[in-house]
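In this note's numbering, the protein residues as written are 192 to 723. Below you'll find the structure, written out as structure tokens, and then a few comments.
Shown next, in the form of structure tokens:
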């Protein structure tokens, strides 16, 4: 599903009006209707007699609010409207909808001075629900003065807030909040989801996110920019590799997982088992010779390749010849789980990568080995996937973790371009960035997945899909989604507090079943769809 910036969405609106002749007032009417439909669904049709307060600005977002107020009144609700500007400042479609509402005898109160907030405070006491139609997707910066004071009142009221298109105070392109912002229970956005609504920084302000279609022609939707995408089950199902009914283990690819060291045998085992669960036909773990018996005791289905080791029992540069020989038989490699930061082992990683031509996932200690080697990495023949968590990304990009988290999307893109590698910035709302500029955003997953070994499971899943023939972007998107969906299903059964990384692998079969059961309808053509 495409994600758009505010400017891209405005261009779609203007094309609908100018090229297709759809009056703006129809788009506004449809937006208001979609909002009321979501509210009705959310309240289980219990609209009659409920008391709503609609807070409207002077732009199109406020115009949507007037439409919403009208339809709620028509459904039997008690509605009061608070307008943050004088009625004389209204223009165009917003003015028309204001006048319709006024002719219906609706109660519309101006909020122009600090003293007007007293009326709002009293109304909040008796209200059941609040509707934020103050500011739209064009907002940038921070709320000031009376608007900021009003938003603080709404948040402190404890009443559920429903945001129209975007919570007032949130930046549509970045998801940033500079100061105060409406904290909505649910948000209904229109046409396409906006990038900022789906980023982690916006989570506590957006609440439940719905998408409402407002009658844009299909061709116009198809021509919308597609560089940024929200990962959906439908997309993943279309990209997952087909299983050949006559296939055998070699048909489905052979993956090498290179890593492990003394005291760090679990990570390679998790990655290898994860790869098998994603459908890889064969998986071999390349490990220091002295710990091979430990690995063999941990898993039955995975093969091991004992390798030359250093005095610290990490993989040595002497293993290079063996690894290059193996590379003729394998389809992909995962480098890094439990590898260690031994200097000799780092040299092995760089030497191995310089010879490699098959796709490789670089994770954990493998990322530490390539940090500061961007030019070298960018020149490699092998297609690379980097899977850093925020701390590892900070090392790769010479930033602080706080800087990474403040600009997750931009940092992921910068890393992908700098290292010329497909980059998976892990965390809540994982971001996948391609060197060519495409971005895929995942909104699944839960806090139970923030546990030791979860990243190893993800690296193995991506590696297993690469071994089956998916290209790096497809493998990243499918692996991330499968991993997070398994986590969500596992959390339903086990709870988030008790979730272990190994549980994710156990729930891969259910995640696959869920993905393959998605119906064939085009999700972007539905009138309403819940996104988060």
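Just so it is clear, CB atoms sit at the ideal spot from N, CA and C, and this is done for glycine as well. Everything numeric in this text was worked out from a predicted model, so none of it was measured.
Of the residues the options, the one placed nearest residue i, counting alpha carbons only
i	options	result
residue 389	423, 414, 412 and 413	423
residue 670	614, 194 and 597	614
residue 433	318, 703, 519 and 305	703
residue 658	501, 445 and 266	445
residue 267	371, 294 and 237	237
residue 721	377, 309, 199 and 646	377
residue 319	351, 326 and 328	351
residue 553	612, 290 and 489	612
residue 677	610, 643, 429 and 636	636
residue 639	690, 623, 510 and 602	690
residue 558	571, 550 and 580	580
Backbone secondary structure at residue i - three-state DSSP
i	result
residue 712	At residue 712, the pLDDT of 49 sits below 50, so the modelled position is not reliable; the number obtained from the coordinates is stated separately. Coil.
residue 572	coil
residue 634	coil
residue 415	coil
residue 556	helix
residue 320	strand
residue 242	strand
residue 204	helix
residue 699	helix
residue 449	strand
residue 584	helix
residue 420	strand
residue 528	coil
residue 326	coil
residue 368	strand
residue 373	coil
residue 431	coil
residue 390	coil
First through last residue of the beta strand (DSSP E) which encompasses residue i
i	result
residue 721	719 to 721
residue 271	269 to 274
residue 211	Element bounds for residue 211: n/a, residue is neither H nor E.
residue 354	352 to 355
Where the alpha helix (DSSP H) containing residue i begins and where it ends
i	result
residue 464	457 to 468
residue 399	It is not in any alpha helix (DSSP H) - residue 399 instead sits in the beta strand (DSSP E) that spans 399 to 403.
residue 734	Since the first residue of the chain shown is 192 and the last is 723, residue 734 is not available in this structure.
residue 264	251 to 265
residue 503	It is not in any alpha helix (DSSP H) - residue 503 carries neither H nor E in the DSSP assignment.
residue 287	283 to 294
residue 683	663 to 685
residue 538	534 to 546
residue 454	Per DSSP, residue 454 belongs to no alpha helix (DSSP H) and is neither H nor E.
residue 655	645 to 658
Identified DSSP bridge partners for residue i
i	result
residue 301	274
residue 614	577 and 624
residue 195	385
residue 497	478
residue 337	None; residue 337 has no bridge partner.
residue 171	This structure does not reach residue 171, given that the chain is present from 192 up to 723, and the question cannot be answered.
residue 378	354 and 400
residue 603	Residue 603 pairs with nothing; no bridge assigned.
* Do the segment 228 to 245 and the segment 276 to 287 touch if we need at least three Cβ pairs shorter than 8 Å? -> no
* Asked: Can you find at least 3 beta carbon pairs, one from the segment 525 to 536 and one from the segment 443 to 451, that sit closer than 8 Å?
  -> yes
* Do three or more CB pairs link the segment 401 to 414 to the segment 582 to 601 at distances below 8 Å? -> no
* Asked: For the segment 243 to 261 against the segment 213 to 226, are there 3 or more C-beta pairs whose distance is under 8 Å?
  -> yes
* Asked: Is the number of C-beta pairs between the segment 356 to 374 and the segment 323 to 339 that are closer than 8 Å three or more?
  -> yes
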